[in-house]
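There are 2 protein chains.
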Amino acid sequence: MTATIKDVAKLAGVSISTVSRVINKSKPVSSEVKAKVLEAIDELGYKPNAVARSLVTRRSNLIGVIVTDIGNSYIAQKVRGIEEIGRMYNYDIILSNSYGDPNTEKKFAELLRSKQVEGIILISEIPNREVIEYVEDFKIPFVYLNKYYANPGLPSVSIDHREASYRMTNYLMELGHRDILYLTSYEGEEASLENYKIEGYKKAIANGTEMERRIYPAQGFKVEDGYAIGDEVANFIREDGITAIFCCQDELAIGLINYCYDNGIKVPEDVSICGYGDTKIASIYRPGLTTIKEPYYDMGAVAIRRIVKKLEGGKLERTTTYLPIRVIKRESCKAKDKQLD
Amino acid sequence: MTATIKDVAKLAGVSISTVSRVINKSKPVSSEVKAKVLEAIDELGYKPNAVARSLVTRRSNLIGVIVTDIGNSYIAQKVRGIEEIGRMYNYDIILSNSYGDPNTEKKFAELLRSKQVEGIILISEIPNREVIEYVEDFKIPFVYLNKYYANPGLPSVSIDHREASYRMTNYLMELGHRDILYLTSYEGEEASLENYKIEGYKKAIANGTEMERRIYPAQGFKVEDGYAIGDEVANFIREDGITAIFCCQDELAIGLINYCYDNGIKVPEDVSICGYGDTKIASIYRPGLTTIKEPYYDMGAVAIRRIVKKLEGGKLERTTTYLPIRVIKRESCKAKDKQLD
DNA sequence: ACATCTTTTATAGTTGCTGTCACACTATCC
DNA sequence: GGATAGTGTGACAGCAACTATAAAAGATGT
Chain A
14 MTATIKDVAK
24 LAGVSISTVS
34 RVINKSKPVS
44 SEVKAKVLEA
54 IDELGYKPNA
64 VARSLVTRRS
74 NLIGVIVTDI
84 GNSYIAQKVR
94 GIEEIGRMYN
104 YDIILSNSYG
114 DPNTEKKFAE
124 LLRSKQVEGI
134 ILISEIPNRE
144 VIEYVEDFKI
154 PFVYLNKYYA
164 NPGLPSVSID
174 HREASYRMTN
184 YLMELGHRDI
194 LYLTSYEGEE
204 ASLENYKIEG
214 YKKAIANGTE
224 MERRIYPAQG
234 FKVEDGYAIG
244 DEVANFIRED
254 GITAIFCCQD
264 ELAIGLINYC
274 YDNGIKVPED
284 VSICGYGDTK
294 IASIYRPGLT
304 TIKEPYYDMG
314 AVAIRRIVKK
324 LEGGKLERTT
334 TYLPIRVIKR
344 ESCKAKDKQL
354 D
Chain B
14 MTATIKDVAK
24 LAGVSISTVS
34 RVINKSKPVS
44 SEVKAKVLEA
54 IDELGYKPNA
64 VARSLVTRRS
74 NLIGVIVTDI
84 GNSYIAQKVR
94 GIEEIGRMYN
104 YDIILSNSYG
114 DPNTEKKFAE
124 LLRSKQVEGI
134 ILISEIPNRE
144 VIEYVEDFKI
154 PFVYLNKYYA
164 NPGLPSVSID
174 HREASYRMTN
184 YLMELGHRDI
194 LYLTSYEGEE
204 ASLENYKIEG
214 YKKAIANGTE
224 MERRIYPAQG
234 FKVEDGYAIG
244 DEVANFIRED
254 GITAIFCCQD
264 ELAIGLINYC
274 YDNGIKVPED
284 VSICGYGDTK
294 IASIYRPGLT
304 TIKEPYYDMG
314 AVAIRRIVKK
324 LEGGKLERTT
334 TYLPIRVIKR
344 ESCKAKDKQL
354 D
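Chains as they are written, first to last, in this note's numbering: chain A, 14 to 354; chain B, 14 to 354.
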């Protein structure tokens, strides 16, 4: 029932093409005619039908985004980056929640293609070869966003976790700590990520004089896992003189701090503890958790920029863009000499 | 470059309409012909062009969602509900981040309309009359989702905050508390929400024998505001025998508990403190925060269901659907006689 | 064998918009 | 003054699908 270009043309007493020209400024139109057309547009409240337009121009101005779970705060941040930057270039985004299932991802990719999206961003924990090949086969710009892996040989955006944990370990060393325990958690697909982080830790330790590597695995990386590993960690503190603990996840660190709180070990007075991720709790918790902030918003922003660049005629190289992290210094880590051990 | 229905028809040696019939099962086709067509579709990897289809059918299978900020965890939860349920009915969602600006909301609504979305869900803090009228004028199903207000006289989904705080206050009373302080925070638009919550608190108190209302305002509802109000609250505890504090927001409660932690007041031994919202910190914090859980996912789910129902020929009434809350019992509140006061 | 009814196919017309082409008109040049 | 160039406008053919209608083919009955 809404007005079409035809109605506008009739009301303004001109041809359809002229109206189109006024709307798109695609060719010059005399000012009197233009005025008439604009008036008609205004009167009818006409708005071009984007569907019809995209059928003929073959441009949808739509970017498909497939995520594992928009309910995850860090994914929502990435999506926010995508949305905000995409908007600047006049792209809308269509969102799909795959819950990490490869078949769902494929199905959604297909759906997005049928909707004629101009690009696809896939955010998943684990790069699934089959899904990726399937999507790349569409021959539309495609960027893969992951948290966990190094360059998977395709256009992607990630974080250099080796560098991240190297810098955090260095920070602890700058605080005077010589006995630093790295609390890791091997679990399924996460292992690969952990390997990078452990490498960074080792590299930093290797630079220190007379420092020993101490890597210990928790059963998982949730709050309860951190609490559960407390007894063992307490032993390390007593027996081995550990003064700082680098946890591979914020939640793990929080759980461990909870344990300490319940067992009379003061943080950071007795031991410095840091996390990884800068989840919201990190800033709210007492003591504030020293941690690594991953640039989620920026990851989304860079992903969409790479797609837009390609759509505007640029190149989309099969490389990974690594974004820098930041060590967020809070109260849970203290200079060693200020600890009362 | 992708195959069209024409290519399929040619390869299968039939007409375009026959192919369309096979795809849409709109009219019977002999099984031999059907087999030929399906084979051709498979061979060409043909997928119908949704844009062309929606131009002629006038159905886009798209729902527009305008949110203030997808980066907010509770909004992301709502969106997750919308996406997941929408998906079940074969709707995709287009996401727009307004950051709460009414003009941006209007602009996005317009954009969505031009994209021929079949329905719009608006999630905002404050219902803006102008925006709402503008969107309703589109004559497509529209549902408003808000956190803060009672029935705004249009199709919406919300929470009965009066009931919520009534139930929380009752819970505290069941624990034996007679001197319960409600820590509110008047601030701009939030005030209206607070009024409902305060009403619920008052209603519960009125049911108690010899109980006094005690309502005190903080300067805001962030962690730092909770900490800042600590001195005054401590006074209430000492002077007025307050044994439980109902904070209007989780963050405020956490800030207050932080203050207590820093000032030798034990929670929940000396005082019970509860929050409102069940943000992630509530479960991770030590002590676990007793709080009210708002059904964000369900709100999104109900909103999209109402739209789908309308699109399937049902009615969309100008009423508010109120979703039930839950009191989440954790360690920050304890029975009064077990407190050592 | 012819008429009638049913099933299947082909044709043409839509959807709303863009882009190419052609035409009419004006301005400029030798 | 006629050729040349430049401008503004309209007609029309797509874009890729769906749909109504008409036509053809096949089945049934007398």
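Ideal placement from N, C-alpha and C gives every residue a C-beta, glycine not left out.
Given the structure, does residue i come close to the ligand MN, in the sense that its CB is under 7 Å from one of the ligand's heavy atoms?
i, result
"B:E344", "Looking at this structure, you won't find the ligand MN or any other ligand, since it has none at all."
Return the chain-ordered list of same chain residues with a C-beta closer than 6 Å to the C-beta of residue i, the five sequence neighbours on each side being excluded.
i, result
"B:I18", "I29 and V32"
"A:Q129", "S73"
"A:Y195", "Y214, I228 and F259"
"A:A16", "L57 and Y59"
"B:Y272", "Y240 and G243"
"B:K342", "T303"
"A:K49", "A25"
"A:R175", "Y209, E212 and G213"
"A:T333", "N164, S169 and S171"
"B:L353", "Unreliable placement is indicated for B:L353, whose pLDDT of 48 sits below 50; no coordinate value is reported for it."
"A:G99", "I76, I106 and I317"
Can you give the beta carbon distance from residue i to residue j, rounded, assuming they're within the 8 Å contact cut?
i, j, result
"A:E96", "B:N110", "5 Å"
"B:Y184", "B:G213", "About 12 Å; that fails the 8 Å criterion."
"A:A247", "A:D238", "Not a contact, Cβ separation roughly 15 Å."
"B:L75", "B:E131", "6 Å"
"A:P168", "A:R319", "6 Å"
"B:I106", "B:I133", "Rounded, the Cβ-Cβ distance is 10 Å, inconsistent with contact."
"B:Y310", "B:G94", "4 Å"
"B:Y112", "B:T81", "6 Å"
Counting only the same chain and skipping the five closest in sequence on each side, list residues whose C-beta sits under 8 Å from that of residue i.
i, result
"B:S198", "E207, P230, A231, Q232, G233, F234, D238, C261, Q262 and L265"
"A:S43", "none"
Once the 5 residues before and after residue i are set aside, which same chain residues still bring their CB inside 7 Å of it?
i, result
"A:D173", "Y335"
"B:I83", "A89, V92, L108 and N110"
"B:V46", "V27 and T31"
"B:M181", "F259, C287, I305 and V340"
"A:I36", "P61"
"B:Y289", "C260, C261, Q262, D263, T304 and I305"
DSSP three-state label for residue i, please.
i, result
"A:G99", "helix"
"B:N248", "helix"
"A:T182", "helix"
"A:G221", "coil"
"A:T70", "helix"
"A:D105", "strand"
"A:K128", "coil"
"A:A257", "strand"
"B:T292", "coil"
"A:F121", "helix"
"B:S30", "helix"
"A:P115", "helix"
Using a beta-carbon distance cut-off of less than 9 Å, what residues from the segment 125-148 of chain B approach chain A? L125, R126, S127, K128 and Q129
Output needed in chain order: residues of the segment 107-118 of chain A with a Cβ under 8 Å from some Cβ in chain B. I107, L108, S109 and N110
So does the segment 342-350 of chain A actually touch the segment 183-193 of chain A, counting three or more Cβ pairs closer than 8 Å? yes
Counting Cβ pairs closer than 8 Å, one from the segment 144-160 of chain B and one from the segment 115-134 of chain B, do we hit at least three? yes
Select from the segment 258-283 of chain A all residues with a C-beta closer than 9 Å to any C-beta belonging to chain B, and list them in chain order. E264, I267, G268, I270, N271, Y274 and D275
With three or more beta-carbon pairs closer than 8 Å as the criterion, would you say the segment 293-302 of chain B touches the segment 294-307 of chain A? yes
Do the segment 135-145 of chain A and the segment 153-161 of chain A meet, that is, are 3 or more Cβ pairs less than 8 Å apart? yes
Could you name the residues of the segment 285-299 of chain A whose beta carbon sits closer than 9 Å to any beta carbon of chain B, in the order they occur along the chain? T292, K293, I294, S296, I297, Y298 and R299
Note down, in chain order, all residues in the segment 64-76 of chain A with a beta-carbon under 8 Å from any beta-carbon belonging to chain B. V64, A65, S67, L68, S73 and L75
Could you tell me whether the segment 262-276 of chain A touches the segment 295-312 of chain A, where touching means 3 or more Cβ pairs closer than 8 Å? yes
Within 9 Å of chain A by C-beta, residues of the segment 237-253 of chain B in sequence order: none
Using Cβ-Cβ distances below 9 Å, what residues of the segment 79-93 of chain A are close to chain B? D82, I83, G84, N85, S86, I88, A89, Q90, V92 and R93
Inter-stretch contact at 8 Å, needing at least 3 Cβ pairs: the segment 325-335 of chain B / the segment 324-340 of chain A: no
Cβ contact check for the segment 39-56 of chain B and the segment 19-26 of chain B: 3 or more pairs under 8 Å: yes
Closer than 9 Å, Cβ to any Cβ of chain B: which residues of the segment 211-222 of chain A, in chain order? none
Could you name the residues of the segment 325-351 of chain A whose beta carbon sits closer than 7 Å to any beta carbon of chain B, in the order they occur along the chain? none
Any residues in the segment 27-40 of chain B with a beta carbon nearer than 7 Å to a beta carbon of chain A? Which ones, in chain order? none
Going along the chain, which residues of the segment 41-63 of chain B sit with their C-beta nearer than 7 Å to a C-beta in chain A? K60, P61, N62 and A63
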